Amino acid sequence: MTETMRIPGRRFLHSPGPTHVPDEVRDAIGRQPMDLADPRVDRLIADCEAGLKALVGSPGAEIFMAASNGHGAWEMAIQNLAAPGQTVLVPGTGHFSESWAVQAEAMGLNVRRTPWREGHAIDIGAVEQALREDRAHQIVAVFAVHTDTASGITSDLAALRDALRASGHPALFVADVVASLAAAPFDMDALGVDAAIGASQKGLMLPPGLAFVAAGPRAVQAALRNPTPRFYFDWVRRRSEISYRKFCGTPPMNLLMGLQAALKLIDAEGLEAVVRRHRQLAGAVHAAVAAWSEGGALDFFAREPAERSVSVTAVQVRQGIDPEALRRVARERFQVAIAGGLGPLAGRVFRIGHLGDLNPAMVLGCLGGVEAALRVQGVEIGGDGLARAAAALAAA
Ligand SMILES: Cc1ncc(COP(=O)(O)O)c(C=O)c1O
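Count along the sequence shown starting at 1, add 6, and that's the number in my numbering.
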């Protein structure tokens, strides 16, 4: 089949970002941009800022949005919250904690890491110990990934907050909620998070290209004191009423129009309902994976059921099964796009994304395509995954 051939029906996008973009958001993005002096640009930005503050649960936060992907938002946090030569603590979650750590090192920070135990969430005890051992308070911030999209594991931010408090350490608490926002429960103020990092292409249901940091007062103060030379992502420069300065140049208006529409959809559904829907859809995926795993060839990568993400499930395959070949069959023959393994998990897992603008029928369709691809590839699957998923949805 050639790439230009029309595929009847819809392709199912079940990567854990980019995710399916709802029609309302696509329509909004397709509108004409505006001239920079149009007051509607300011209103659009103000609307997005207010919506993001409500979404992260921090009415007092300052929102710094940028035309960038999630790596840009990491960079924004690194540059504003720590200076070269200063130290940050990065609790191990797998591929994404390590990528953030490497980026921080490249930008001149010293990074201390807590070890990542494969298949598990952040080791809270190790974080508390690292903070207690840092009697000189060299660590200026803890950079924690809430949901590591590569492993499909969500860490306990409340436990992390308690560890920070118990240690009496003044480090900033910075959370990457790129893969968990608008999917798993997250309440920045209740969790004592000083800065939360998000990106457009996951639970926010937008195309990639817009990212943000929600910064609480301690984070803003740290940025104001921070002597690091910086420009594009500089919060001091971006703390302005003028939209051109807020974005250090022309705001990405169409993505902002899309964000405004997406925030409206989330608000109309209700955040609690959004979280519940994600839990139910994840339950269906987990039921299917549990059934398939009975065949002995597949298993959950996340060892603890309670740590399995509501956004994405990483399924490990026994040696000899090629997850990339499986993905190709799922994509090209059954029109279901799933993700592969990243970093140390390359070739060892495939991942099913189940976040964003999804409903039960879409998830069942995805699981049907994956199951068909597993059969084509001759992977031993045990129980009837689709039937179990449908039963889980019926019981939810
Ligand atoms: C948890 C997490 N953080 C950061 C990133 C980096 O985002 P981006 O790929 O948009 O740069 C990702 C991307 O998947 C992610 O899942």
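No residue lacks a Cβ here, since even glycine has one placed at the ideal position from N, Cα and C. Here the structure is a predicted model, which means the values were calculated and not measured.
Per the coordinates, the alpha-carbon of V321 lies some 20 Å from the alpha-carbon of A190. Relative to A401, the option among G359, L212, P366 whose CA is nearest is P366.
Of all alpha-carbon atoms in L262, H292, S299, E55, the one lying nearest the alpha-carbon of Q38 is that of L262.
Distance from the CA atom of G78 to the CA atom of L87, rounded to whole angstroms, is 14 Å. In the DSSP annotation of this structure, the continuous segment of the beta strand (DSSP E) that includes G204 starts and ends at 201 to 205. Across the set H20, T10, L42, the C-alpha of L42 shows the shortest separation from the C-alpha of C254. The continuous alpha helix (DSSP H) containing F102 extends over residues 101 to 112.
If you draw a 10 Å sphere on the C-beta of I344, you find 16 or more other C-beta atoms in it, and that means buried.
Counting only runs of at least 4 residues, the segment 68 to 148 fully encloses the following alpha helix (DSSP H) elements, listed from N- to C-terminal order: 76 to 87, 101 to 112, 130 to 139. In this chain, I35 is not harboured by any beta strand (DSSP E); it is covered by the alpha helix (DSSP H) spanning 29 to 35. Assigned with DSSP and collapsed to three states, R357 falls in strand. A straight line joining the alpha-carbon of A177 with that of I130 spans about 15 Å. By the neighbour-count criterion, in which a residue is buried when 16 or more other Cβ atoms sit within 10 angstroms of its Cβ, T10 is exposed. Every unbroken stretch of the alpha helix (DSSP H) spanning 4 or more residues and falling wholly within the segment 317 to 364 is given here in chain order: 329 to 338.
Between ligand 1 and the CB of P350, the shortest heavy atom gap is not smaller than 8 Å. In its chain, beyond the 5 residues on either side, G388, G389 have a beta carbon closer than 7 Å to the beta carbon of E300.
When the beta-carbon positions are compared, R17 and Q341 come within less than 9 Å of each other.
Taken atom to atom, the span from the alpha-carbon of P214 to that of G23 is near 8 Å. Counting the other CB atoms within 10 Å of its CB gives H143 a total below 16, which places it among the exposed residues. Between the alpha carbons of I51 and S249 lies a gap of roughly 8 Å.
Just measuring C-alpha positions, the residue of G362, A172, A336 sitting nearest F356 is A336. Scanning R245, V280, G91, D200 for the CA closest to the CA of G209 turns up V280. For the pair of segments examined, the segment 145 to 162 was found to touch the segment 178 to 185: the number of CB pairs separated by less than 8 Å reaches three. Taken from the Cβ of V184, at least one heavy atom of ligand 1 lies inside 8 Å.
Residue ranges of uninterrupted alpha helix (DSSP H) with 4 or more members, entirely inside the segment 200 to 279 and ordered along the chain, are 223 to 231, 241 to 244, 249 to 252, 259 to 275.
Burial of V295 is indicated by the presence of at least 16 other C-beta atoms within 10 angstroms of its C-beta.
The way I'd put it, the segment 263 to 271 doesn't touch the segment 113 to 127; fewer than three beta-carbon pairs between them come closer than 8 Å.
In terms of side-chain proximity, the C-beta atom of A217 is found nearer than 8 Å to a non-hydrogen atom of ligand 1. For L370, the enclosing alpha helix (DSSP H) begins and ends at 366 to 382.
Unbroken alpha helix (DSSP H) stretches of 4 residues or longer found wholly inside the segment 151 to 207: 163 to 173, given in chain order. Taking 8 Å as the cut-off, the C-beta of Q383 does not count as close to any heavy atom of ligand 1.
The DSSP-derived three-state label of D48 is helix. Take M113, set aside five residues on each side of it, and the residues of its chain with a beta-carbon closer than 6 Å to its own are I84, in chain order. Within 10 angstroms of the beta-carbon of P311 lie fewer than 16 other beta-carbons, which makes it exposed. For D53, the three-state secondary structure derived from DSSP is helix. For R12, the three-state secondary structure derived from DSSP is coil.
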